[in-house]
Every structure is written in C-alpha cells, then in structure tokens.
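Numbering (the working numbering), first residue to last: 369 to 511.
We put the beta carbon where it would ideally sit given N, CA and C, even for glycine.
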C-alpha cells in the first residue's frame with residue numbers, strides 16, 4: 369500500500385528523493401509517456417549527486433519535455449511511503465513557452481498536452497494527487 373501527502377509543517381526535508389514538475393503549455397498540461405512504466409506521468413526524476421531540487425527540476429523538465437523557455441516555481445514538499453518509510457519529494461509548477469526536442473529518449477517515449485488528467489497514468493495515485501495539487505494552485509491564483 370502506498371501512502372502520500374503534503375508536508376504542512378514549516379520543516380523542510382533535508383533530503384529530496386523526487387522532483388515532479390506540473391508543466392503548463394498552450395492552455396494545457398504536459399505529460400510524458402514513460403517507456404518502462406508504459407503510462408503518462410508528469411515530468412519527474414531524482415536529483416543527481418550534489419544537485420539541489422531546483423536544479424534537478426530544471427534538468428528533468430528540459431530532458432523529458434524539451435522545454436527551452438519556461439518559468440519554474442516551487443509549490444510544496446510531499447512524502448511517499450511504499451512500505452519502507454517516507455521518501456520526500458518537491459512539486460514544482462512550470463509555465464513553458466517553447467518546446468524543443470526531448471533529450472531523454474531512453475526513458476521518455478514522447479510528450480503530449482492534455483487539457484485535463486489523462487487516462488492511462490503510470491503511478492496513478494501519486495500522479496493524480498500531485499496534478500490535482502498543482503491544478504488547485506493554478507485555479508486559486510487565477511481568481
């Protein structure tokens with residue numbers, strides 16, 4: 369069983385295992401199709417050794433979607449527990465103006481714009497939760 373949630377305390381996790389980027393483009397949301405997992409998901413990845421979460425988010429967004437011109441802002445930290453203890457992630461929101469070529473073709477089959485949450489998600493529970501968190505933020509800030 370997987371449990372997850374937002375971190376609502378002011379304490380920032382010392383180690384971030386995941387970065388996930390909810391990326392807006394052309395009025396929709398960018399989702400990537402992962403080769404190994406076979407479904408759509410938000411662009412994401414793990415920080416490399418010595419890389420902070422912001423640097424990892426920038427790198428992953430560029431590699432997985434081909435984003436060239438974009439703004440990025442951190443939204444929140446979250447936790448995921450798959451039964452072996454909490455691992456921490458950081459969710460970002462990006463606004464992408466220009467797309468180029470995907471450079472992580474080993475992992476990513478393609479990128480597609482969806483107006484709402486797509487069917488056929490990989491990691492569906494966590495991706496749905498993070499997408500809805502970002503979508504609520506966008507709706508709230510546009511009011």
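What is the rounded straight-line gap between the Cα of residue i and the Cα of residue j?
{"i": "residue 471", "j": "residue 480", "result": "15 Å"}
{"i": "residue 420", "j": "residue 488", "result": "31 Å"}
{"i": "residue 381", "j": "residue 482", "result": "31 Å"}
{"i": "residue 456", "j": "residue 399", "result": "21 Å"}
{"i": "residue 469", "j": "residue 415", "result": "21 Å"}
{"i": "residue 385", "j": "residue 510", "result": "30 Å"}
{"i": "residue 486", "j": "residue 383", "result": "30 Å"}
{"i": "residue 434", "j": "residue 467", "result": "5 Å"}
{"i": "residue 598", "j": "residue 474", "result": "Nothing can be reported for residue 598: it is not among the residues displayed for the chain, which extend from 369 to 511."}
{"i": "residue 430", "j": "residue 438", "result": "9 Å"}
{"i": "residue 492", "j": "residue 410", "result": "10 Å"}
{"i": "residue 378", "j": "residue 508", "result": "21 Å"}
Are residue i and residue j close, meaning C-beta to C-beta below 8 Å?
{"i": "residue 424", "j": "residue 407", "result": "no"}
{"i": "residue 440", "j": "residue 505", "result": "no"}
{"i": "residue 502", "j": "residue 436", "result": "no"}
{"i": "residue 464", "j": "residue 390", "result": "no"}
{"i": "residue 446", "j": "residue 372", "result": "yes"}
{"i": "residue 490", "j": "residue 403", "result": "no"}
{"i": "residue 517", "j": "residue 498", "result": "Outside the displayed span of the chain (369 to 511) sits residue 517, for which this structure offers no information."}
{"i": "residue 448", "j": "residue 494", "result": "yes"}
Considering residue i, what are the terminal residues of the beta strand (DSSP E) in which it resides?
{"i": "residue 374", "result": "371–374"}
{"i": "residue 384", "result": "Residue 384 -> no beta strand (DSSP E), and no H or E assigned at all."}
{"i": "residue 410", "result": "Per DSSP, residue 410 belongs to no beta strand (DSSP E) and is neither H nor E."}
{"i": "residue 396", "result": "396–402"}
Item to complete: Could you name each continuous beta strand (DSSP E) segment of 3 residues or more that falls completely within the stretch 433–500, going from the start of the chain to the end?
Response: 435–449, 454–467, 476–482, all fully within the stretch 433–500.
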